[in-house]
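A.B. asks: The sequence shown stops at residue 167 when you use the working numbering, and every number in between is there. Heads up, the beta-carbon is just placed ideally off N, CA and C, and yes, glycines get one too.
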Amino acid sequence: MSHEGVRIGNVNEARREAAGEHPLPADAVTPKKVRVLKTEGTGVEIDWKDGHHSAWRFAWLRNACPCATCHEEREKTGREPGVPKPRPQTLLVMYEAPARPIEVSPVGKYALKFKWNDGHESGIYSWDYLRRVCQCTLCKG
């Protein structure tokens, strides 16, 4: 079976078009500087070529995983990217370690991939996706 000519980008573009989203300018989705603050355990910061600055905490990024499984689960429950799953109401609350990446690696020149401490590692965080889920007051407003 040949997969020649099939591009993941086309699937993502089709999903964005269906949601009424338009392509972002190249400078808006091209990082000038990327900082993954793994040692500090805080998150990711990106300075974009268009002058914008974005920052995300690791817990938010884990809850915004763009993989198909996480995306579909959020859609079923009506959660937005970054919103954690509701915790079951029990008398004895089990400890859950804060989300942090064990490994972070670039995916070509278009994305980051995280291997999380909970074992999850199938999400590819494209520059386009990260810019669209920017958490600054300007973008959220």
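Whole angstroms are fine: how far does the CA of G69 sit from the CA of W82?
C.D. replies: What you label residue 82 is simply residue 56 of the sequence shown in a count that begins at 1. What you label residue 69 is simply residue 43 of the sequence shown in a count that begins at 1. Cα to Cα, the separation comes out at about 6 Å.
A.B. asks: Using a threshold of 7 Å, state whether the C-beta atoms of A85 and V159 are closer than that.
C.D. replies: Counting from one through the sequence shown, the residue named residue 85 turns up at place 59. Counting from one through the sequence shown, the residue named residue 159 turns up at place 133. Cβ distance not < 7 Å, so A85 and V159 don't count as in contact.
A.B. asks: To the nearest angstrom, how far is the alpha carbon of H78 from that of T116?
C.D. replies: For the purposes of this step, residue 78 is taken as the residue at position 52 of the sequence shown. For the purposes of this step, residue 116 is taken as the residue at position 90 of the sequence shown. Spanning the two alpha carbons is a distance of roughly 43 Å.
A.B. asks: Nearest-angstrom Cα distance between R100 and K58?
C.D. replies: Numbered from 1 along the sequence shown, position 74 holds the residue referred to as residue 100. Numbered from 1 along the sequence shown, position 32 holds the residue referred to as residue 58. For R100 and K58, the distance between alpha carbons rounds to 31 Å.
A.B. asks: By DSSP's criteria, L138 is part of a beta bridge. Which residues make up the other side?
C.D. replies: To locate residue 138, count along the sequence shown from 1; it is residue 112. Beta-bridge pairing links L138 to P132, Y151.
A.B. asks: Rounded to a whole number of angstroms, what is the C-alpha to C-alpha distance between F140 and L118?
C.D. replies: In the sequence shown, counting from the first residue as 1, residue 140 sits at position 114. In the sequence shown, counting from the first residue as 1, residue 118 sits at position 92. So the two alpha carbons sit approximately 31 Å from each other.
A.B. asks: Check whether the Cβ atoms of D76 and A54 sit closer than 7 Å, and answer yes or no.
C.D. replies: Locating residue 76 in the sequence shown gives position 50, where the first residue counts as 1. Locating residue 54 in the sequence shown gives position 28, where the first residue counts as 1. It is a contact, given that the beta carbons lie within the stated cut-off.
A.B. asks: Give the DSSP bridge partners of P127, in chain order.
C.D. replies: Numbered from 1 along the sequence shown, position 101 holds the residue referred to as residue 127. BP columns for P127 point to W142.
A.B. asks: Give me, in chain order, the residues of the same chain whose beta-carbon lies closer than 6 Å to that of I72; leave out the 5 immediate sequence neighbours on both sides.
C.D. replies: Position 46 of the sequence shown, counting from 1, holds the residue named residue 72. Around I72: P57, V60, S80.
A.B. asks: Would you list the residues sitting across from W82 in a DSSP beta bridge?
C.D. replies: By 1-based counting over the sequence shown, the position of residue 82 is 56. BP columns for W82 point to V70.
A.B. asks: Beta strand (DSSP E) containing K58: first to last residue?
C.D. replies: Within the sequence shown, the letter at position 32 stands for residue 58. Taken as a continuous stretch (DSSP letters only), the beta strand (DSSP E) holding K58 covers 57-62.
A.B. asks: So I128 packs on P92, CB below 8 Å; how close in whole Å?
C.D. replies: Locating residue 128 in the sequence shown gives position 102, counting from the first residue. Locating residue 92 in the sequence shown gives position 66, counting from the first residue. That pair is no contact at about 18 Å.
A.B. asks: Can you find the residues in the same chain that come closer than 7 Å, C-beta to C-beta, to P132, ignoring five residues on each side of it along the sequence?
C.D. replies: Translated into the one-based positions of the sequence shown, residue 132 becomes position 106. Excluding positions up to five away in sequence, the list reads L138.
A.B. asks: So, for D144: in the same chain, excluding its five sequence neighbours on each side, which residues have a beta-carbon less than 6 Å away from its beta-carbon?
C.D. replies: What you label residue 144 is simply residue 118 of the sequence shown in a count that begins at 1. There are no such residues.
A.B. asks: Would Y155 be called buried (16 or more neighbouring beta carbons within 10 Å of its own) or exposed?
C.D. replies: To locate residue 155, count along the sequence shown from 1; it is residue 129. Buried is the call here.
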